[in-house]
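The block underneath contains the structure these notes are about, expressed in structure tokens.
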């Protein structure tokens, strides 16, 4: 069957003069790759990979700012002067070579900005108000402000057209246009406030100016908030009424429907950019209901991560373009794989939201994302003969190492001590809302099967086990064991992995100590609370799970509120002692230096891991490189140096937690950047 002619996702869409080659798109987002506010090489390469992978439309410039008082608050582009035009011209040329359309989102943030970013200019808004996330107090715009911002929108749109783009979209939800539209943020009493028609006036002026500047032969859309679940916010009916006003104006060509609010952590984590705690495609049916009320094409993004859901959205007429934004962060070659009949081999987005962390760009699943100038998405075969590679350990690092080495054409054997692949990641997926994490294991297991990797389970590898396989390369990815050696009284405590391996049931009061700021201690506390145990959570950091991305931090905070788990922060655990039939944890308060003692019946201590590296050291003496990874070569993307030990039988490397305690993205990145040159 020719899927190109039958699959709804592969049908073209006509937008006025522009034909989009398929129905799959990526919406604009702040990928954090700009240089000085410009879309330079890293930024362009990140998007070009999606074009190379077959995407029909790539929106970029998540909230590209148009004036100096709309500051770079979350790593945005700047289209407020002509210096952006040459960058856009190069960018559009690269994307068009692959047949992908390219559009930019332009905006004024209004109150949704940081008053102390960039130029330290005050935020502006329809009315004086405080914005929650950035703690900014916006001043009310006067007629001069309105006129200059309207002009700036037109100037920015014209720069995008001169840059060779196919179109632009404005963004309403939470940004300045939307702040005028919403009665929650617009309390004006002049002709820009009050009635629905008055609240639309500013947005209409903006789009009139845009259309005046760019003409009809340029696509102009709106990322449009349909429904705001907040006091005084827009209702669905309000959203439809506003959409019809803009539709009747003839100024715009599509709606990009979004739902919820952007001014709270909850709005971002649950509504706008939902994580794995939220069901897939949570707003799809509402987007379809909105489409039935308007005549312009409707686009939509919100955790649409799989092709089955995307196909349903198009086939049932719920959407005209389906946005798989984070899905393309995980795998930019979705469309190419669909066309090739390899849908089962698409690397899935599991909703970990590392792509929204402070360390952007990161995909927990795909270490090449955002590193396109140095890391490959497609692994090329190695020059020369295939090598025999033995990987010890089937956690994230070992699985990725085996995958990449097999893609390089090597003969790979993976040894895993447990009866299942995944290592500690399997326990990480046991939290009530983190079950999708297991997708990182499942996809790699499927890839290893496709690539013919030999996997031996229930094998506790020792030096002679590995040497008997006569390897050319050995990669140790044995992870770590709970780090409790530092603790006086360690024999009295357990670790989170013991808790997560069971159901959390038991007698008495439990205490969980978090010394890492990651998910393990929080998961253990949740397990105890769900089992009905009395639980106290104590952490060395000053907040809950600070090592996790903002969306995960919010969800853990939400779970702790729901389960009524008490928390104390800034506490460093010194020791644990027995007192009768109970345990006493001794802490130092890092703020006051006070020594505090707390009793519990069970104490769980999370302090990361220390390397399980006995086999690495056992093999290093007969390794051609003495087990040394050359850091300079690793960072340069160069092959590891040739034999340093002429009597060595194999090259030996270690990756992941076998090096030191880190997170999943670090383990996967270790494997990719080492093995891609082997």
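In our numbering, the protein residues as written are 1433 to 2110. Glycine included, C-beta positions come from ideal geometry on N, C-alpha and C.
Backbone CA spacing between residue i and residue j [nearest angstrom]
{"i": "residue 1481", "j": "residue 1804", "result": "8 Å"}
{"i": "residue 1966", "j": "residue 1944", "result": "11 Å"}
{"i": "residue 1673", "j": "residue 1534", "result": "29 Å"}
{"i": "residue 1995", "j": "residue 1587", "result": "51 Å"}
{"i": "residue 1446", "j": "residue 1818", "result": "48 Å"}
{"i": "residue 1735", "j": "residue 1913", "result": "34 Å"}
{"i": "residue 1563", "j": "residue 1544", "result": "6 Å"}
{"i": "residue 1458", "j": "residue 1843", "result": "37 Å"}
{"i": "residue 1937", "j": "residue 1956", "result": "11 Å"}
{"i": "residue 1851", "j": "residue 1830", "result": "15 Å"}
{"i": "residue 1433", "j": "residue 1747", "result": "Any reading at residue 1433 must be qualified, since the residue scores a pLDDT of 42, below 50, and its modelled position is unreliable; the value itself is stated next. Roughly 18 Å between the two C-alpha positions."}
{"i": "residue 2074", "j": "residue 1906", "result": "15 Å"}
{"i": "residue 1705", "j": "residue 1968", "result": "31 Å"}
{"i": "residue 1665", "j": "residue 1561", "result": "15 Å"}
{"i": "residue 1442", "j": "residue 1773", "result": "13 Å"}
{"i": "residue 2090", "j": "residue 1601", "result": "47 Å"}
{"i": "residue 2078", "j": "residue 2058", "result": "10 Å"}
{"i": "residue 1494", "j": "residue 2025", "result": "44 Å"}
{"i": "residue 1921", "j": "residue 1951", "result": "24 Å"}
{"i": "residue 1856", "j": "residue 1929", "result": "8 Å"}
{"i": "residue 1893", "j": "residue 1861", "result": "26 Å"}
{"i": "residue 1549", "j": "residue 1468", "result": "13 Å"}
{"i": "residue 1908", "j": "residue 1824", "result": "5 Å"}
{"i": "residue 1719", "j": "residue 1456", "result": "16 Å"}
{"i": "residue 1834", "j": "residue 1903", "result": "14 Å"}
Per DSSP, cross-strand counterpart(s) of residue i
{"i": "residue 1562", "result": "1569"}
{"i": "residue 1587", "result": "BP columns for residue 1587 are empty, so no partner."}
{"i": "residue 1373", "result": "Since the first residue of the chain shown is 1433 and the last is 2110, residue 1373 is not available in this structure."}
{"i": "residue 1946", "result": "1971 and 2038"}
{"i": "residue 1467", "result": "1470"}
{"i": "residue 1986", "result": "Its beta-bridge partners do not exist; DSSP assigns none."}
{"i": "residue 1634", "result": "None, per the DSSP bridge assignment."}
{"i": "residue 1659", "result": "1691"}
{"i": "residue 1452", "result": "1445"}
{"i": "residue 1536", "result": "1492 and 1600"}
{"i": "residue 2013", "result": "For residue 2013, which the question treats as bridged, DSSP gives no partner whatsoever."}
{"i": "residue 1395", "result": "Summary: the structure shown does not reach residue 1395, with the chain confined to residues 1433 through 2110, and so no result is reported for it."}
{"i": "residue 2032", "result": "2015"}
{"i": "residue 1887", "result": "1846"}
Classification of residue i by the beta-carbon crowding that lies within 10 angstroms, buried from 16 upward
{"i": "residue 1959", "result": "buried"}
{"i": "residue 1593", "result": "buried"}
{"i": "residue 2095", "result": "buried"}
{"i": "residue 2046", "result": "exposed"}
{"i": "residue 1659", "result": "buried"}
{"i": "residue 1864", "result": "exposed"}
{"i": "residue 1595", "result": "buried"}
{"i": "residue 1670", "result": "buried"}
{"i": "residue 1918", "result": "exposed"}
{"i": "residue 1889", "result": "exposed"}
{"i": "residue 1580", "result": "exposed"}
{"i": "residue 1743", "result": "buried"}
{"i": "residue 2023", "result": "exposed"}
{"i": "residue 1797", "result": "buried"}
{"i": "residue 1551", "result": "exposed"}
{"i": "residue 1490", "result": "buried"}
{"i": "residue 1740", "result": "exposed"}
{"i": "residue 1618", "result": "buried"}
Inter-residue CB distance, residue i and residue j (contact presumed, cutoff 8 Å)
{"i": "residue 2041", "j": "residue 1911", "result": "7 Å"}
{"i": "residue 1652", "j": "residue 1646", "result": "7 Å"}
{"i": "residue 1654", "j": "residue 1688", "result": "7 Å"}
{"i": "residue 2036", "j": "residue 2005", "result": "Actually they do not touch by this definition, with Cβ atoms about 11 Å apart."}
{"i": "residue 1816", "j": "residue 1854", "result": "Rounded, the Cβ-Cβ distance is 33 Å, inconsistent with contact."}
{"i": "residue 1612", "j": "residue 1635", "result": "6 Å"}
Neighbour flag for residue i against chain C, beta carbons, 9 Å
{"i": "residue 1885", "result": "Protein chains in the displayed structure number just one, and chain C is not present."}
Any non-hydrogen atom of the ligand COA closer than 8 Å to residue i Cβ
{"i": "residue 1685", "result": "The model on display carries no ligand, and the ligand COA is accordingly not part of it."}
For the structure I just gave you, are there three or more beta carbon pairs, one from the stretch 1862-1871 and one from the stretch 1774-1785, closer than 8 Å? yes
I'd like to know if the stretch 1718-1737 and the stretch 1763-1772 are in contact, where contact means that at least 3 CB-CB pairs between them fall below 8 Å. no
Please determine if the stretch 1595-1609 and the stretch 1683-1694 are in contact, where contact requires at least 3 C-beta pairs separated by less than 8 Å. yes
When the Cβ atoms of the stretch 2080-2088 are set against those of the stretch 2045-2056, are three or more pairs found closer than 8 Å? yes
With three or more beta-carbon pairs closer than 8 Å as the criterion, would you say the stretch 2008-2018 touches the stretch 1977-1997? no
Would you say the stretch 1507-1519 touches the stretch 1564-1577, given that touching needs at least three Cβ pairs under 8 Å? no
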